[in-house]
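Remarks on the structure that follows.
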């Protein structure tokens, strides 16, 4: 089954075609088909996993490819490569996709274009699975663009709303900047090695087939793609805006799966990054992103925006782990983060539905009485994100701290700060949304718990948020299909048997306590005066944080002045030089010449005959002259 | 044997007469006849060259036959045009058929 893992991508692909064509006319607009599709790939994943484990280490990675096209001697193959990283990604994608599909049935009830929403969701799942299964960079790039497309379509689902359209456009264009880099990187790889196959490329690089400088440049381009997709500084601007899309989409695409494609890509090519000496760049970018978005999350008041910046920050953590050379830590954080961040987003979705579309924290508060299941699961998700022992986020953050330890005290200190900030904004989010007294009686009085179709996915994801961290342990991981525990399973070549470092556990818990209690103290019981004091004490700083360090303003300025200015120049050149002079000018010249020359046409046959005769005589004389 | 130059001179004379006729005559039928003269001069050249330069092969002669066939077809077509011209304009004068211009 593992060599036929492409079926996983094919099933939702077919579902997309069916639903896009007939979804509108199906009973219930085809949502059952979406859930059925998600359930079947979830089941199929276990068939793949069982077969993969049966085949044993010697058969990994499981390869299967067909010839795509042949041009002369150049044979382009496309196919799948299932290795341990792929298995982890498949686990995340199929699980979260199933939960999100079920949740969406409740969340999207009665919304416009219900069928289209589910159809595009299947397209996304199909392309995301293709992305992680692809054995060559070209196929990966195709899938990479397809997930971008589905993301664009889903962010802009409510296209009647101008902000949604703007956000969709912003997401597409911003990631496109990175994607161009990725494409250049892929082409550079191809030029140097003559292949797109990922394993071959790693092999060539390890043999030293590409020169140092060239390899570094190539990896910078590849990294650009990863940064765009994973919303790393300075490409992070699209992700918070992407919250315009339906909330389950934010959970699936903008928290659990698509945005980690960049992390996946770097993890997959980590040996190459290592050989290129580009890991430090990854580390620094990740660290800056983690710190930056942690700070910005303090000042956000929309619960989805807080979660969005939190996601950016956590993606930064993953990049830090990768940059430190610990792909297992990065992938592990990816794995656990997918569950608790999907949980938090779906929880936010449940709040939005339960309060009839209120998502400003200033209007919420005290919801736990009205929405106990949502509040409970959200609490578990928050604690997992903040890093409470022994929830999922604790173990993966621990691994990252462990990874950064070797990079020097300075980096370790900064990543600890970022961890404290994580706990802080998470506490703020939870306290202001669910605890204290209601900020808006009107909203609170109408709030009610959502139905089981929405709470059951929450409960399942809460369960995963508790246990996913234990996968790192030898026995627990083995029992759930990761023999030898997560790290060992994923990276046979980096034999790092996990052992609990109690000193680190203590430190990590201290970070959690500082952050959480700090956040809770500031916002306990719906009071804002403590935080307002700071805002009033340093209004400039506060404004800077609230305006997200002016990144959006800077980009807007660049677009308005530089891009549009240049566009104006180009359009002027097109109008005057190309159109008026080049095209119209040549036409006018031809017309005027014709006007002058038409008088040669007398219409009298003897004139023409005379011209011919004269021509013949002239030519004869000429040939005689030249001949002699 | 008559030298080849004689044939060529004769051919040249006939051709020049044809050119003169085409340029000087007004009547379309006479113009056509002059064209025939030019063609015949060319045919004569072909035959002369064939007989003197490569007597074993009939290349030039075959060309002459082709020229005669093509000339016949051309005259058939041209006379039809002349008849149409005469029907429409009541004249066969080429000077008067001068409307084919801008």
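Chains as they are written, first to last, in my numbering: chain A, 140 to 767; chain B, 363 to 464. The beta-carbon is built from N, C-alpha and C at its ideal position, and this holds for glycine as well.
Would the beta-carbon of residue 376(A) fall within 9 Å of that of residue 691(A)? Here the question's residue 376(A) lines up with position 237 in the first chain. Here the question's residue 691(A) lines up with position 552 in the first chain. Closer than 9 Å, so yes.
Which of helix, strand or coil does DSSP assign to residue 713(A)? Counting from one through the first chain, the residue named residue 713(A) turns up at place 574. If DSSP states are grouped into helix, strand and coil, residue 713(A) belongs with the helices.
Is there contact here, the region 217 to 237 of chain A with the region 155 to 168 of chain A, by at least three beta-carbon pairs under 8 Å? No: fewer than three Cβ pairs fall under 8 Å.
Return the Cβ separation of residue 310(A) and residue 323(A) in integer angstroms, given the expectation that the two are a contact with Cβ distance under 8 Å. Position 171 of the first chain, counted from the first residue, corresponds to residue 310(A). Position 184 of the first chain, counted from the first residue, corresponds to residue 323(A). A Cβ-Cβ separation of about 21 Å leaves residue 310(A) out of contact with residue 323(A) under the 8 Å criterion.
For residue 631(A), collect the residues of the same chain with a Cβ closer than 6 Å to its Cβ; drop the 5 residues on either side in sequence, then sort them by chain order. On the first chain, position 492 is the one that residue 631(A) refers to. Caution is warranted here: a pLDDT of 49 is assigned to residue 631(A), below 50, making its placement in the model unreliable, and the coordinate value is therefore given only provisionally. Excluding residues within five positions, none has a Cβ falling inside 6 Å.
Applying the criterion that 16 or more other CB atoms from any shown protein chain within 10 Å of the CB defines a buried residue, is residue 380(A) buried or exposed? Position 241 of the first chain, counted from the first residue, corresponds to residue 380(A). Its Cβ being crowded by 16 or more others within 10 Å, residue 380(A) is buried.
For residue 249(A), name the three-state secondary structure that DSSP assigns. Along the first chain, one-based indexing puts residue 249(A) at 110. Looking at residue 249(A) - three-state DSSP - the assignment turns out to be coil, as it is neither helix nor strand.
In the DSSP assignment, find the alpha helix (DSSP H) that holds residue 585(A) and state where it starts and stops. Counted from its first residue, the first chain places residue 585(A) at position 446. 580 to 585 is the extent of the alpha helix (DSSP H) around residue 585(A).
Would you report the Cα separation of residue 634(A) and residue 213(A), rounded to the nearest angstrom? As a working mapping, residue 634(A) is identified with position 495 in the first chain. As a working mapping, residue 213(A) is identified with position 74 in the first chain. With a pLDDT of 46 at residue 634(A), under the threshold of 50, the predicted position of this residue should be treated as unreliable, and no value is reported.
What's the call for residue 407(A), buried or exposed, on a 16-neighbour Cβ count within 10 Å? If you number the first chain from 1, residue 407(A) lands on position 268. It is buried - the Cβ of residue 407(A) has at least 16 other Cβ atoms within 10 Å.
Taking C-beta to C-beta, are residue 566(A) and residue 448(A) nearer than 9 Å? For the purposes of this step, residue 566(A) is taken as residue 427 along the first chain, with counting starting at 1. For the purposes of this step, residue 448(A) is taken as residue 309 along the first chain, with counting starting at 1. Here residue 566(A) is not near residue 448(A), since their CB atoms are 9 Å or more apart.
Here's the rule I'm using: 16 or more other beta-carbon atoms within 10 Å means buried, otherwise exposed. How should residue 171(A) be labelled? On the first chain, residue 171(A) is found 32 positions in, with the first residue counted as 1. Exposed, since its Cβ has fewer than 16 Cβ neighbours within 10 Å.
Taking CB distances under 9 Å as the criterion, tell me whether residue 453(B) reaches chain E. Protein chains A and B are contained in the structure displayed, whereas chain E is not.
How many whole angstroms separate the CB atoms of residue 291(A) and residue 265(A), which I take to be in contact at a CB cut-off of 8 Å? Residue 291(A) sits at position 152 when you count from the first residue of the first chain. Residue 265(A) sits at position 126 when you count from the first residue of the first chain. Going by Cβ atoms, the distance from residue 291(A) to residue 265(A) rounds to 16 Å, so no, they are not a contact pair.
Going by beta carbon distance, what residues of the same chain come within less than 6 Å of residue 366(A), once the five residues before and after it are set aside? Locating residue 366(A) in the first chain gives position 227, counting from the first residue. Sequence-distant partners of residue 366(A) (beyond 5 residues in either direction) whose C-beta falls short of 6 Å from its own C-beta, in its chain, are 317, 374.
Among the residues of its own chain, which have a CB less than 6 Å from the CB of residue 542(A), if the five just before and after it don't count? Reading the first chain from its first residue, position 403 is the one you call residue 542(A). So the qualifying residues of the chain are 460, 463, 465, 468.
Along the region 734 to 767 of chain A, what residues have a CB closer than 7 Å to any CB found in chain B? So the close ones are 737, 740, 741, 742, 743, 744, 745, 748, 749, 752.
CA-CA distance, residue 595(A) and residue 446(A)? Here residue 595(A) corresponds to residue number 456 of the first chain, with the count starting at 1. Here residue 446(A) corresponds to residue number 307 of the first chain, with the count starting at 1. Taking the straight line joining both Cα atoms gives about 21 Å.
Buried versus exposed, by CB contacts within 10 Å (16 or more), residue 537(A): Numbered from its first residue, the first chain carries residue 537(A) at position 398. Sixteen is the threshold: when 16 or more other Cβ atoms of the shown chains lie within 10 Å of the Cβ of residue 537(A), as they do, the residue is buried.
Taking the straight line between their C-alpha atoms, what separation do you get for residue 331(A) and residue 252(A)? As a working note, residue 331(A) is residue 192 in the first chain. As a working note, residue 252(A) is residue 113 in the first chain. A direct Cα-Cα distance of roughly 47 Å separates residue 331(A) from residue 252(A).
In angstroms with no decimal places, state the Cα-to-Cα distance between residue 399(B) and residue 732(A). Start at 1 with the first residue of the second chain, and residue 399(B) comes out as number 37. Start at 1 with the first residue of the first chain, and residue 732(A) comes out as number 593. Their backbone Cα atoms lie some 39 Å apart in a straight line.
Whole runs of the alpha helix (DSSP H) within the region 486 to 530 of chain A, excluding any shorter than 4 residues: Runs of the alpha helix (DSSP H) inside the region 486 to 530 of chain A: 511 to 525.
Residue 357(A) by DSSP, collapsed to three states: which one? Counted from its first residue, the first chain places residue 357(A) at position 218. DSSP places residue 357(A) in helix when its eight states are reduced to three.
Just to confirm, are residue 473(A) and residue 428(A) a CB contact at a threshold of 9 Å? One-based indexing of the first chain puts residue 473(A) at position 334. One-based indexing of the first chain puts residue 428(A) at position 289. In this structure, residue 473(A) lies away from residue 428(A), with their beta-carbon atoms at least 9 Å apart.
Counting pairs of beta carbons, one from the region 474 to 481 of chain A and one from the region 419 to 433 of chain A, are three or more of them closer than 8 Å? Counting Cβ pairs under 8 Å, fewer than three are found: no touch.
Nearest-angstrom Cα separation, counted from residue 643(A) out to residue 515(A): Counted from its first residue, the first chain places residue 515(A) at position 376. Counted from its first residue, the first chain places residue 643(A) at position 504. Inter-residue distance for residue 515(A) and residue 643(A) is about 28 Å (C-alpha atoms, whole angstroms).
Please identify the residue among 546(A), 487(A), 336(A) whose C-alpha is closest to the C-alpha of residue 503(A). For the purposes of this step, residue 503(A) is identified with residue 364 of the first chain, where counting begins at 1. Comparing Cα positions, the closest option is 487(A).
Starting from residue 208(A), follow its DSSP beta bridges and name the residues at the other end. For this step, residue 208(A) is matched to residue 69 along the first chain. Answer by DSSP bridge pairing, in chain order: 215(A).
Going by CA-CA distance only, name the one from 593(A), 174(A), 233(A), 356(A) that's closest to residue 183(A). Residue mapping note: residue 183(A) aligns to position 44 of the first chain, counting from 1. That would be 233(A), whose Cα lies nearest to the Cα of residue 183(A).
Closer than 7 Å, Cβ to any Cβ of chain A: which residues of the region 380 to 393 of chain B, in chain order? Correct list: 381, 384, 385.
Checking the sheet assignment: what are the DSSP bridge partners for residue 540(A)? For the purposes of this step, residue 540(A) is identified with residue 401 of the first chain, where counting begins at 1. Per DSSP, none; premise fails for residue 540(A).
For residue 616(A) and residue 599(A), believed in contact at Cβ under 8 Å, the rounded distance: Along the first chain, read from residue 1 onward, the residue named residue 599(A) stands at position 460. Along the first chain, read from residue 1 onward, the residue named residue 616(A) stands at position 477. Not really, about 20 Å apart at Cβ, beyond 8 Å.
May I have the straight-line CA-CA distance separating residue 348(A) from residue 235(A), to the nearest angstrom? Position 209 of the first chain, counting from 1, holds the residue named residue 348(A). Position 96 of the first chain, counting from 1, holds the residue named residue 235(A). Going by the C-alpha atoms only, they are around 40 Å apart.
Proximal residues of chain A, C-beta to C-beta of residue 434(B) below 9 Å: Position 72 of the second chain, counting from 1, holds the residue named residue 434(B). Under the 9 Å cutoff, chain A gives no residues; its nearest Cβ is about 21 Å from residue 434(B).
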